[in-house]
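If you want the numbering used here, it's the 1-based position in the sequence shown plus 5. Before any comments, here is the structure.
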Amino acid sequence: MISGGDVGGAKTHILSLLDGLRRHTEVTLVSFREGPFSDEARELGIDTKVITARGLRAGLGELTDIVREGKYDIVHCHGSRGNLMGALLKRKYKAPLVTTMHSDYRLDYLGRPLGHLTYGMANRVALRSIDYFIGVSDPISELLIQRGFPPDRMFTIYNGLDFTLPPRDIDKTEFLRSCGLDIQDGDVVAGIAARLSPVKDISTLLRAMSIARERARNLRLIISGDGEIADQLKKQCSELGLDGCVCFAGWMSDMDAFYRCIDINLLTSLSETFPFVLTEGARMSRPTISSRVGGTPVLIDHGVNGLLFTPGDADELAGHLVTLAENGDLRAELGRRLNLKASTHFSLDLMIARQLDIYNTIMRRSEIKRRGRGGVTICGAYGRRNAGDEAILEAMIDEIRGIDPDISIRVMSRDPRWTRKTYRLRSIFTFNPFSLISSLRRSKVFISGGGSLIQDVTSRRSLWFYLYSITLARMCGCAVMMYGCGIGPVTRAFNRKLARRVIDRNVTAITLREDSSLEELRILGVTRPEMRLAADPTLALSPADSDAVDSALVSEGIPPDGNYICFALRRWPGFDRKCAEFGRAAVYAYEKYGLVPVFLPIEQQHDLEPGKAAASYTDCPHYIIKRPNQPRVVMGLMTRMSVVVSMRLHALVFAARCGTPLIGAVYDCKVSAFLRYIGQHLYEEFADITFESLCDLIDQAVLQLGDGEARREAVRKLAEIESVNVEVLSRLLDGQFTS
């Protein structure tokens, strides 16, 4: 259901999607007006019905008759009118109701106060009645989650295009002159297709053109589109002295010719989802400069297949324009790479397959009625933006959904909003007992882990809390599993006795990430749960793809093809005395082996300063990664390192997963236990670290660089061991354990 007056990306999305879907299932388009939209749908062979009744009540009656006669399984809304009618229809016709969000609904009527108060308000109310939501980019889905929409009923689908269209021969000069832009040999033409409204921010583009033209006199700009601020922009163009090199071409019907005739594709919006202008430019292999908004970073890996800038930053945009205007080879390479990624991941066929998968998931979940208890609650050190802990959670979620893709998952988090947005699931504040009890009563299994939760070195209170949560879960009727855990050290006699009693009485099954943890449980006297040796769940994760890693490096000013040694350091008592040793060792690695030091924070909030402190003792080229990265990207960064030196356990886990030679600076027995378990012996107790010992370990690690196959084989064995976690959880969810 859609209003029928839509233009631009929403229209293209709907018609191309329906044209593909009708080849796989019965589909009907309901439009609330006659016009070009409904006419084009009929021309494509789409079953199209138009609501002819006037007034809300009569229109709803006609719509109800249509859906009852068609006996539709799903009602899919687009836009404010579709959402409103869908919400009203829901009272009369019981079928899953889903809407696709093409933009931020709060900005849909920007600059139109009356529309904002009427249609905008009605849409906001209607949205709260809808069952499922589809965002046309991850950022729009995340925005909805931040505003309180249910994360486990949220899907994402990216706009797709047909990349198989045959090429056309078009005279570039003649076409552009027909649009009003006169060009000469050597001119570079940047183009933007956009509605001339404030949200598209063409004003910043004009300022950037004025700046860029001071260095790149061959730069030209053509603007395709019209809108409410067209006259204002033309006046600004004249005031900036851009007449003659900027052309306002108005609305174009032949957008295929437009993209074939420009040299640079532009997007300057302040807010977007995932606009078709990106994939349309990519289809023609046009290098793209885009504001870093919405889903644009999903397609464009900065510096790898395109360039991104901060919205509204005319100077940054101007710099990118000059870069591409002066370098034809770079334009060709970025365009080629963008076309390759877009055609691989954002094709029309993939979009249709994704939509069908979403429909099937909705139907499956709608059939699963409340049949008693179900789902999982996860407890651990989550929501603190620690890449290691978040990698554990991400791996656990992947494994749980691998067992049952429709299972309800709730996570206890220090930052529930961030966790909901990141993982698309329900999350509760770690220390809210009322939310926890409510979650436990809805869950079949309570998972405690992974990581080292059962220890009292960091804090006695944290140990007591995790033991309390296990007890509460069992009291609420959950089966309890400790998942991929590290155990100990538990040093105090009272805590050891308490841990033994709580675990023995309440835990059904335990999987452990190394053999020393298994031994620690035996020493504690734990006997009743089933205990299995496994591995850290993080080992099940795969690194991010090469383009995402390249982009992360380029964004930090690091050449992707360099030779590097990574230092992952953290604050710990005595670090100030050891700081210089790490810095001098970094210089040694550079001078002897040509390895450029990279200081990488695993927990951004706490590790950045120790990295900077160690870097201050280097007098060689080095890099400090300042931006936070997702766990898979951090793991991908490890694939680019020749050697990893780390105090952080999960930096070592990442390196082990990637087969990178690693060196442990052991501040805690859990670090040495993990290294021994995976057969790595290059480590030194933190208290004993010296410049000389670090240099010796670096020498030994470099010798391992040629033994890649042995490391890959070790990784394969680790992955096999880690699968024990999934095996035990699967049995627990199936009820194969007795209480």
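Here a beta-carbon is modelled for each residue, glycine too, at the ideal position from N, C-alpha and C. Since the model is a prediction, treat every value here as computed from it, not as a measurement.
Own chain, CB closer than 8 angstroms to residue i, minus 5 neighbours either side, in chain order
i    : result
R429 : S146, I150, P156, D157 and M159
G40  : G9 and G10
Y110 : S85, G125, N128, R129 and L132
G684 : A719
Contact under 8 angstroms by Cβ, residue i with residue j
i    : j    : result
L335 : L329 : yes
H627 : V648 : no
P666 : A724 : no
A594 : M652 : no
V72  : D52  : no
L181 : C266 : yes
E614 : I694 : no
A810 : F604 : The structure shown does not extend to residue 810, since the chain is modelled only from 6 to 744, so the question has no answer here.
A539 : I726 : yes
L132 : V204 : no
A656 : I607 : yes
N128 : S183 : no
L472 : Q460 : no
I508 : L26  : no
F679 : E519 : yes
R415 : G379 : no
L166 : E285 : yes
I227 : V194 : yes
Burial state of residue i (16 or more Cβ within 10 Å)
i    : result
F436 : exposed
H686 : exposed
V130 : exposed
S108 : buried
R152 : exposed
A29  : The sequence shown places His at residue 29, rather than the Ala named in the question. H29 is exposed by the Cβ-count criterion.
M90  : buried
P421 : buried
K722 : exposed
D612 : buried
K99  : exposed
G669 : buried
L22  : buried
Sequence-distant residues of its chain with Cβ nearer than 6 angstroms to residue i (five each side left out)
i    : result
L101 : It should be pointed out that residue 101 corresponds to Pro in this sequence rather than to Leu. Same-chain partners within the cutoff: I79, D136, I367 and S371.
A484 : V450, T513 and L737
I139 : T105, F160 and I162
L210 : T273
R745 : Any property of residue 745 remains undetermined from this structure, which presents the chain solely from 6 to 744.
V35  : M6 and K54
A199 : K205 and G230
T543 : A396, I397, A400 and V658
R419 : G388, R389 and T435
G196 : I227 and I267
L322 : A213 and F314
Neighbourhood of residue i by C-beta distance below 7 angstroms, restricted to the same chain and skipping five residues each side
i    : result
D320 : I216
S295 : L272, L283, T301, I305, G311 and L313
Y598 : V707
Q241 : S208 and L211
L93  : L65
Y672 : W577, M652 and F691
Start-to-end residues for the beta strand (DSSP E) that takes in residue i
i    : result
T53  : D52 to V55
G491 : A484 to I492
S647 : M646 to S651
H81  : V80 to H83
A199 : Run containing A199: none; DSSP gives neither H nor E here.
G455 : V450 to I459
S432 : R431 to F434
T293 : T293 to S296
E689 : Y688 to E690
T104 : L102 to M106
Residue i beta carbon near the ligand NAD (any heavy atom closer than 7 angstroms)
i   : result
R86 : Absence of the ligand NAD from the depicted structure is noted, as is the absence of any ligand whatsoever, leaving it without description.
Limits of the unbroken alpha helix (DSSP H) element including residue i
i    : result
E535 : That residue, E535, is in no alpha helix (DSSP H); its beta strand (DSSP E) goes E535 to L538.
I528 : D520 to L529
V282 : F281 to R288
E586 : F580 to Y598
T161 : Run containing T161: none in the alpha helix (DSSP H); it sits in the beta strand (DSSP E), M159 to T161.
Does the stretch 214–227 touch the stretch 286–300, meaning 3 or more C-beta pairs lie closer than 8 angstroms? Cβ pair count under 8 angstroms is below three, so no.
When the Cβ atoms of the stretch 497–506 are set against those of the stretch 633–643, are three or more pairs found closer than 8 angstroms? The stretch 497–506 vs the stretch 633–643: no contact.
Is the stretch 347–356 touching the stretch 386–394, taking contact as three or more C-beta pairs under 8 angstroms? No, the stretch 347–356 is not in contact with the stretch 386–394.
Any 3 or more C-beta pairs closer than 8 angstroms across the stretch 549–556 and the stretch 525–539: As far as the Cβ criterion goes, the stretch 549–556 does not touch the stretch 525–539, which means the pair count is below three.
Evaluate the contact criterion for the stretch 456–463 versus the stretch 485–497: three or more CB pairs, one atom per stretch, below 8 angstroms. Cβ pair count under 8 angstroms is three or more, so yes.
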